[in-house]
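Numbering (full-length UniProt numbering), first residue to last: 221 to 581.
Ideal placement from N, C-alpha and C gives every residue a C-beta, glycine not left out.
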Ligand code: GDP
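The structure is reproduced here in structure tokens:
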């Protein structure tokens, strides 16, 4: 696990994995995302955790600081960071697809420890399984155990060890009940630090989205899994993999598409092809945009322009003719005029699939 990359290996070997958050309503998905986004990292000032289009970028050095809090895990971070999709839930997850496979590398399934498995927990499980996406469970709201004494942003063991017996017992009882509930669905699950075989057992990570307890464990485990079990899926490759997460009208820009770039590179002036409600759309990128870095208020305009953007990233594309673009479409780049008809046919193949996933809701 502690394997260091050889000195001559290129620094860009890994791309940031794409992380999605799923789960039943009110389990704390939004709150968890919010907490992760506002995680206090010392190095945070310049270029720390940044807001991208439709996603939050959590860079390697912020991860390093967080993981340093873990008494029970040593991880040598090799990924450049994590890209966490900002809209938790089914819809964005369904939209993260290209060429038949998901752009989401790993999922967090949020379960409320007070409620156990709920209907949308099971739906999310089904979606993750169907797409073959590895995931871990955030067993959330541990701060609600009776008598729990919160320790802001600490690793689970650090806080668990200083709880009194009643709070610990209640936690253990509820964790056990969750394991049983999974077993009743035919799934093996275990608290992550007791997991006998992560390939066979779902890892449960106790968290609180309010106090931040367990978040170091949650992200630490994500880093560990992506680097060990998923390493071949998170290598940077020039082969473009991008998908339209949302279609939005922006004042002054007209209709824009928010795109998750999971691999490869997009350039200003590229000719792109996406699926549309009135047939495939082929257009030239007018602007490649990301939000202005925080506190750069002196810079005019809400967005920063780019000549070129490399995976992994969330980016807004402004171009003509995007009015009827379809979220969930893959985005392709035409290297020459000749391939455009082929690419148009290609993107439109997804339309049936997109409609069927809309109808499933
Ligand atoms: P979502 O529907 O899954 O996105 O759930 P939200 O993030 O909106 O949370 C639902 C409610 O649960 C809100 O009132 C949150 O403040 C609360 N909540 C979320 N996470 C926690 C947690 O870890 N502890 C406690 N005590 N409340 C939480």
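Where residue i falls: helix, strand or coil (DSSP)
i           : result
residue 291 : coil
residue 282 : helix
residue 581 : Note that residue 581 scores a pLDDT of 49, beneath 50, so its modelled location is shaky and nothing firm can be said.
residue 245 : coil
residue 373 : coil
residue 350 : helix
residue 235 : coil
residue 322 : strand
residue 503 : strand
residue 449 : coil
residue 271 : strand
residue 439 : helix
residue 538 : strand
residue 341 : helix
residue 422 : strand
residue 255 : helix
residue 572 : helix
residue 429 : coil
Euclidean distance between Cα positions of residue i and residue j
i           : j           : result
residue 417 : residue 247 : 26 Å
residue 562 : residue 487 : 21 Å
residue 369 : residue 241 : 27 Å
residue 314 : residue 458 : 24 Å
residue 436 : residue 564 : 44 Å
residue 535 : residue 311 : 18 Å
residue 494 : residue 513 : 28 Å
residue 367 : residue 381 : 14 Å
residue 474 : residue 541 : 9 Å
residue 304 : residue 276 : 5 Å
residue 294 : residue 362 : 24 Å
residue 503 : residue 478 : 15 Å
residue 297 : residue 410 : 25 Å
residue 444 : residue 499 : 42 Å
residue 365 : residue 466 : 38 Å
residue 264 : residue 404 : Residue confidence for residue 264 is low, a pLDDT of 48 falling below 50, so the modelled location carries little weight; the figure read from the coordinates is stated next. Rounded to whole angstroms, residue 264 to residue 404 spans 43 Å at the Cα level.
residue 547 : residue 270 : 24 Å
residue 558 : residue 506 : 21 Å
residue 525 : residue 450 : 32 Å
residue 553 : residue 413 : 44 Å
Top-ranked residue by Cα proximity to residue i, from the options
i           : options               : result
residue 320 : 360, 439, 560 and 550 : 550
residue 429 : 233, 329 and 254      : 254
residue 556 : 490, 510 and 511      : 490
residue 347 : 317, 367 and 373      : 317
residue 408 : 414, 421 and 396      : 421
residue 341 : 325, 454 and 358      : 358
residue 259 : 250, 274, 278 and 273 : 278
residue 235 : 376, 511, 330 and 452 : 452
residue 251 : 419, 559, 326 and 427 : 427
residue 481 : 257, 272, 281 and 233 : 272
residue 485 : 400, 511, 530 and 492 : 530
Cross-strand partners of residue i (DSSP beta bridge)
i           : result
residue 525 : 509
residue 485 : 530
residue 396 : Partner(s): none; residue 396 has no beta bridge.
residue 493 : 502 and 552
residue 466 : 478
residue 314 : Per DSSP, none; premise fails for residue 314.
residue 461 : 483
residue 332 : 360
residue 301 : 279
residue 409 : 422
residue 403 : DSSP output for residue 403 lists no bridge partner at all.
residue 355 : 327
Neighbour-count burial assignment, residue i, 16 or more Cβ in a 10 Å radius
i           : result
residue 406 : exposed
residue 349 : exposed
residue 244 : buried
residue 497 : exposed
residue 433 : buried
residue 371 : buried
residue 528 : exposed
residue 575 : exposed
residue 334 : exposed
residue 383 : buried
residue 249 : buried
residue 239 : buried
residue 522 : exposed
residue 461 : buried
residue 360 : buried
residue 266 : Below a pLDDT of 50, predicted positions are generally treated as unreliable, and residue 266, at 47, falls in that range; the measurement from the model is reported next regardless. Classification of residue 266: exposed, given that the 10 Å Cβ count is below 16.
residue 394 : buried
residue 379 : buried
residue 464 : buried
Residue i CB to nearest heavy atom of the ligand ZN below 7 Å
i           : result
residue 344 : Inclusion of the ligand ZN in the displayed structure is not the case, the ligand content consisting of the ligand GDP alone.
Below-8 Å beta-carbon distance, residue i vs any chain B residue
i           : result
residue 451 : The structure shown has no chain B; it contains just one protein chain.
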